[in-house]
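Just below is one structure, and these are the notes that go with it.
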Amino acid sequence: MVPRVPITHRDEEYDSLVFDVLRDMQLRHFWYIGRHRFIFHALKHYMAQIPARDRGLRAIDVGGGCGGWVDYLSRRLPGAFDELALADSSLKALELAKPILNPKAKRYQIDLLNSGWTNRWDLIFLLDVVEHIPPDQKVFDEAMKILSPGGLLIVTAPALKFFWSYNDEMVHHVRRYSRRDYRQLGESAGLNVLLTRYFMFFLSPLLLLSRMKTVDVKNMKPEEISAYIAKTHRVPAIPLNQVMTAIFSLETPIGHWIPFPWGTSILGVFQKPI
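Residues -6 to 267, numbered by the numbering used here, are exactly what the sequence shown covers, in order.
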């Protein structure tokens, strides 16, 4: 976990106080369960497009917080990777991830805008990360740099300005994305765009209703915002969480067969030219 250069986690992009809540959410919350299923379906389809190597695949989840996605991958694709790693700028997140990760999984503390790698990874995940970074094009440019030729970049983010709410302000989102935005970012970085899909379609009306109220975020103290996030982002009661999980899970594979016209999130799959 020792970084090549000193790393400072930027709380203005992702509040460190939220990581304790995030660890539980990544493991049990219906939204993460549904998101993981949707991403995994795309991953299984596109992994075959990574060129054959004289070694096993190297995969990394950049900005992966407390390791929920790396844990998910290690359990569903055991032995698929020579190296499966978690990277984050927050040392706290990496420490919280340690108990849930496979002992073979590596953890790196990095600055995702200046990782120090070149042609290093065959598969990079940026899952709900780019919306926190003001220079988002630089995130795609860095991913292009550190991908090996023919490697894949898989990105998720909040979708569509229509769904912008106080919650985006609370969790330090800079923007939401359309399929056109994704295509422009990928192509500007020199990546080939293989797929863009909206998801969280079936539950989008409920999310919209739940966030229609007005919350004066600008006049809230940091500790008040953290407490509000902890309250509103916690895992729902078991019966409700199970129902929401079942509904969200219906989107896989339907949303890959028939593209949804909208959703509260967006998935993109990009490939570095060989």
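Using N, Cα and C, we set each Cβ at its ideal position, and we do this for glycine too.
Out of the options, which one is the CA nearest neighbour of residue i?
i: Phe74; options: Arg51, Gly58, Asp47, Leu84; result: Arg51
i: Ile267; options: Thr257, Val236, Ile43, Phe33; result: Ile43
i: Val262; options: Lys211, Leu188, Ala223, Gly57; result: Leu188
i: Asp47; options: Pro198, Ser141, Ser158, Asn185; result: Ser141
i: Leu15; options: Trp250, Met213, Val164; result: Val164
i: Gly61; options: Gly49, Trp114, Lys91; result: Lys91
i: Val63; options: Ala45, Ala41, Tyr101, Tyr39; result: Tyr101
i: Val186; options: Tyr39, Phe23, Arg21; result: Tyr39
i: Met205; options: Trp157, Ser258, Met213, Leu20; result: Trp157
i: Ile259; options: Val228, Leu200, Tyr175; result: Tyr175
i: Arg69; options: Asn95, Gly49, Cys59; result: Asn95
i: Leu77; options: Leu199, Ala45, Arg113; result: Arg113
i: Arg168; options: Ile247, Leu200, Pro151; result: Pro151
i: Val236; options: Asp13, Arg21, His166, Asp17; result: Arg21
i: Ile53; options: Thr207, Ala41, Trp110; result: Trp110
i: Phe33; options: Tyr65, Met18, Asp17, Gly57; result: Tyr65
i: Asp17; options: Pro229, Leu202, Gln264; result: Pro229
i: Leu89; options: Gln19, Thr257, Leu202, Ile139; result: Gln19
i: Asp13; options: Leu87, Gln177, Gly179, Thr257; result: Leu87
i: Gly57; options: Gly49, Ala41, Leu79; result: Leu79
Need the endpoints of the alpha helix (DSSP H) that residue i sits in, please.
i: Asn95; result: Run containing Asn95: none; DSSP gives neither H nor E here.
i: Ala220; result: 215 to 225
i: Phe23; result: 23 to 39
i: Gln130; result: 129 to 139
i: Asn234; result: 231 to 242
i: Ser197; result: 197 to 203
i: Asn160; result: 159 to 163
i: Trp62; result: 61 to 69
Kindly indicate the opening and closing residues of the beta strand (DSSP E) around residue i.
i: Ile114; result: Correcting the residue type first, residue 114 is Trp in the shown sequence and not Ile. Looking at the DSSP string, the run of the beta strand (DSSP E) that includes Trp114 is 114 to 120.
i: Tyr191; result: 185 to 192
i: Val55; result: 50 to 55
i: Ala80; result: 74 to 81
Who pairs with residue i in a beta bridge, going by DSSP?
i: Thr149; result: Leu120, Leu260
i: Arg46; result: In the DSSP output, where bridge partners are listed per residue, Arg46 has none listed.
i: Gln102; result: Asp81
i: Tyr170; result: Ala152
Give me the Cβ distance between residue i and residue j, rounded to the nearest whole Å; I'm assuming they're in contact under 8 Å.
i: Phe194; j: Trp255; result: 7 Å
i: Leu153; j: Ser171; result: 6 Å
i: His125; j: Arg190; result: Contact flag wrong, Cβ pair sits at about 21 Å.
i: Ala98; j: Ser67; result: 6 Å
i: Val210; j: Glu135; result: Rounded, the Cβ-Cβ distance is 30 Å, inconsistent with contact.
i: Phe23; j: Asn234; result: 5 Å
i: Ala182; j: Met213; result: About 36 Å; that fails the 8 Å criterion.
i: Lys159; j: Val123; result: Looking at the sequence provided, one finds Tyr at residue 159 rather than Lys. Their Cβ separation, rounded to whole angstroms, is 21 Å, which puts Tyr159 and Val123 out of contact at 8 Å.
i: Phe253; j: Phe192; result: 7 Å
i: Leu200; j: Thr238; result: With a Cβ gap of about 15 Å, Leu200 and Thr238 do not count as contacting.
Under 7 Å, Cβ to Cβ, is there at least one residue of chain C near residue i?
i: Asn185; result: In the structure shown, chain C does not exist; there is a single protein chain.
Are the segment 237 to 249 and the segment 107 to 123 touching by the rule of at least three beta carbon pairs closer than 8 Å? The segment 237 to 249 is not in contact with the segment 107 to 123.
Do the segment 125 to 138 and the segment 100 to 108 touch if we need at least three Cβ pairs shorter than 8 Å? Judged by Cβ distances under 8 Å, the segment 125 to 138 makes contact with the segment 100 to 108, as three or more pairs qualify.
For the 8 Å Cβ check, are there 3 or more pairs between the segment 19 to 38 and the segment 72 to 87? No: the two stretches stay apart, fewer than three of their Cβ pairs being nearer than 8 Å.
Taking contact to mean at least 3 C-beta pairs separated by less than 8 Å, is the segment 76 to 86 in contact with the segment 141 to 151? With the cut-off at 8 Å, the segment 76 to 86 and the segment 141 to 151 do not touch.
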